[in-house]
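Taking the numbering used here, the leading residue of the sequence shown gets 12, the next gets one more, and so forth.
Report on the structure given below.
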Amino acid sequence: LGAAMFWIKVGSQSVVYTGDYNMTPDRHLGAAWIDKCRPNLLISESTYATTIRDSKRCRERDFLKKVHECIDRGGKVLIPVFALGRAQELCILLETYWERMNLKVPVYFALGLTEKANNYYKMFITWTNQKIRKTFVQRNMFE
Numbered sequence: 012l013g014a015a016m017f018w019i020k021v022g023s024q025s026v027v028y029t030g031d032y033n034m035t036p037d038r039h040l041g042a043a044w045i046d047k048c049r050p051n052l053l054i055s056e057s058t059y060a061t062t063i064r065d066s067k068r069c070r071e072r073d074f075l076k077k078v079h080e081c082i083d084r085g086g087k088v089l090i091p092v093f094a095l096g097r098a099q100e101l102c103i104l105l106e107t108y109w110e111r112m113n114l115k116v117p118v119y120f121a122l123g124l125t126e127k128a129n130n131y132y133k134m135f136i137t138w139t140n141q142k143i144r145k146t147f148v149q150r151n152m153f154e
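In structure tokens form, the structure reads like this:
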């Protein structure tokens with residue numbers, strides 16, 4: 012779940028290889044973590060390396076505001092997302108907001124690959140963040 016990160020050491024040389032990673036926790040996964048190391052080489056995915064963005068909290072607030080405004084006008088919202096990770100995080104974000112605002116508008120979710128990804132999240136629940144693990148018995152967020 013999430014990207015893989017490898018620290019490989021051969022003799023006195025070491026390499027850290029990682030895909031997309033996040034040093035802040037998501038709604039469903041903890042933050043990326045690695046022991047303190049000083050690799051000779053770092054290989055990393057870097058799509059947003061030079062992008063300066065608003066905080067995650069601001070982006071989520073703006074997103075929810077736009078969704079809510081659209082629904083208030085009688086509109087419908089279609090949100091295309093990647094199957095693994097983002098779909099789960101957005102579902103948790105929307106469900107939490109729906110409960111807090113007591114919204115009765117139904118949310119429809121197209122399954123596809125996301126359903127398969129949810130099965131992995133259920134199987135590897137111990138890899139999710141502490142909040143998800145604590146509530147898993149009473150309420151499985153991936154159902």
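For every residue, glycine included, the Cβ atom is placed at its ideal position computed from N, Cα and C.
All of these numbers come straight from a predicted model, not from anything done at the bench.
Check whether the Cβ atoms of residue i and residue j lie closer than 8 Å to each other.
i: residue 16; j: residue 35; result: no
i: residue 78; j: residue 92; result: no
i: residue 27; j: residue 45; result: yes
i: residue 132; j: residue 99; result: yes
Looking at the secondary structure, which residues open and close the beta strand (DSSP E) in which residue i lies?
i: residue 53; result: 52-55
i: residue 18; result: 16-21
i: residue 26; result: 24-29
When burial is assigned at 16 or more other CB atoms within 10 Å of the CB, is residue i buried or exposed?
i: residue 141; result: exposed
i: residue 102; result: buried
i: residue 125; result: buried
i: residue 129; result: buried
i: residue 96; result: buried
i: residue 61; result: exposed
Please go through the same chain and pick out, in chain order, the residues whose beta-carbon is closer than 8 Å to the beta-carbon of residue i, but skip the five residues on each side of it.
i: residue 70; result: 64
How far does the alpha helix (DSSP H) with residue i in it extend, from its first residue to its last?
i: residue 107; result: 97-112
i: residue 75; result: 67-83
For residue i, I'd like the list of residues in its chain whose CB is within less than 6 Å of its CB, leaving aside the five on either flank, ordered along the chain.
i: residue 56; result: 30 and 31
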